[in-house]
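For any residue, its number in the working numbering is found by taking its place in the sequence shown, counting from 1, and adding 52.
Remarks on the structure that follows.
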Amino acid sequence: MSKKELVKRYVLCAVSLFVSALGVALTKHGELGMSPISSVSNILSLKFTQLSLGSWLIIWNCILIAGQVIVLRRKFQPIQLLQIPLSFLFGWFTDICMMIVEHIPADLYIVKMLMVISGIVVLGFGISLAVTANVIMNSGEAFVKAVSDVSQKQFGNMKIVFDIFCVVLSIILSMIFFDMKILGTREGTVISALFTGFTVKFFTKATRESLEKLLTK
Numbered sequence: 053m054s055k056k057e058l059v060k061r062y063v064l065c066a067v068s069l070f071v072s073a074l075g076v077a078l079t080k081h082g083e084l085g086m087s088p089i090s091s092v093s094n095i096l097s098l099k100f101t102q103l104s105l106g107s108w109l110i111i112w113n114c115i116l117i118a119g120q121v122i123v124l125r126r127k128f129q130p131i132q133l134l135q136i137p138l139s140f141l142f143g144w145f146t147d148i149c150m151m152i153v154e155h156i157p158a159d160l161y162i163v164k165m166l167m168v169i170s171g172i173v174v175l176g177f178g179i180s181l182a183v184t185a186n187v188i189m190n191s192g193e194a195f196v197k198a199v200s201d202v203s204q205k206q207f208g209n210m211k212i213v214f215d216i217f218c219v220v221l222s223i224i225l226s227m228i229f230f231d232m233k234i235l236g237t238r239e240g241t242v243i244s245a246l247f248t249g250f251t252v253k254f255f256t257k258a259t260r261e262s263l264e265k266l267l268t269k
């Protein structure tokens, strides 16, 4: 791979982070629950408001990176430490996108649901760009892959287990922090868990060939 192509792939990766962050912001603004991997950060941002959602996403992603180091030990590749600056970038992008969408009226339930659905579509598109860029995995999927490799279990099965773990953890934290009330985990979380993967597959199939030509040109 030439240096020029590598630079293009990292630029596409950065673009994918912004698009994904916009998807997260749209879903958050709908207030009907977020994607499983973002649900823990969402609960923490609701309880500890001194830090923004983007800041909690940075912290959560760094915890997942540390988890990769613990799971893989000597097999952990130093290049994967690039997940750290990318996590900071994603967190900053999320806060910027939150400011962009905060003025969109979302009082009616139908509007909230449209925000969730549009957030899922935008997030799926952003993830598909990262898949095509194919440089550094996001910390969530990288953690799942690490556990999958060590346990010799299928990645897809481990991803389901991880998503369930994130949702359960967010519910437990919510009940602890908010007097046994479940906040931040609603129908939007279920919809996101069910349909984000489909949107990623759709956009990857629709855009990968043309993007690959652009990257390798």
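Every residue, glycine too, gets a C-beta built ideally from N, C-alpha and C.
Nothing here was measured: the structure is a model prediction, and the numbers come from that model.
Spatially closest choice to residue i from the options, by CA coordinates
i: Asp215; options: Gln204, Ala245, Val183 and Phe250; result: Ala245
i: Val153; options: Leu181, Ile212 and Gly82; result: Gly82
i: Leu133; options: Ile148, Cys149, Phe145 and Asn113; result: Asn113
i: Gly249; options: Ser107, Ala198, Ser203 and Ser180; result: Ser180
i: Asp147; options: Gly75, Pro157 and Leu84; result: Gly75
i: Val168; options: Thr259, Ile234, Arg238 and Gln206; result: Arg238
i: Val196; options: Thr241, Ile89 and Thr268; result: Ile89
i: Ile224; options: Leu78, Asn94, Val63 and Ala73; result: Asn94
i: Leu235; options: Val174, Val242, Leu78 and Gly85; result: Gly85
i: Ala77; options: Gly106, Asn186 and Gln120; result: Gly106
i: Ser203; options: Leu160, Gln120 and Phe145; result: Gln120
i: Arg126; options: Ala198, Ile156, Gly171 and Ile136; result: Ala198
Which of helix, strand or coil DSSP assigns to residue i
i: Gly119; result: helix
i: Thr101; result: coil
i: Gly171; result: helix
i: Glu57; result: helix
i: Leu160; result: coil
i: Met86; result: coil
Buried versus exposed, by CB contacts within 10 Å (16 or more), residue i
i: Phe142; result: buried
i: Met53; result: exposed
i: Met232; result: exposed
i: Ile122; result: exposed
i: Val296; result: Lying before the first or after the last residue shown, residue 296 is absent from the chain, which here runs from 53 to 269.
i: Val92; result: buried
i: Met150; result: buried
i: Ser87; result: buried
i: Gln129; result: exposed
i: Thr101; result: exposed
i: Ser262; result: exposed
i: Phe255; result: buried
i: Lys211; result: buried
Runs of beta strand (DSSP E) wholly within the segment 126 to 158 (minimum 3 residues, chain order): List check, beta strand (DSSP E) in window: nothing returned.
Any alpha helix (DSSP H) of 4 or more consecutive residues that is wholly inside the segment 175 to 262: Counting whole runs of 4 or more residues, the segment 175 to 262 contains the alpha helix (DSSP H) stretches 191 to 203 and 207 to 229.
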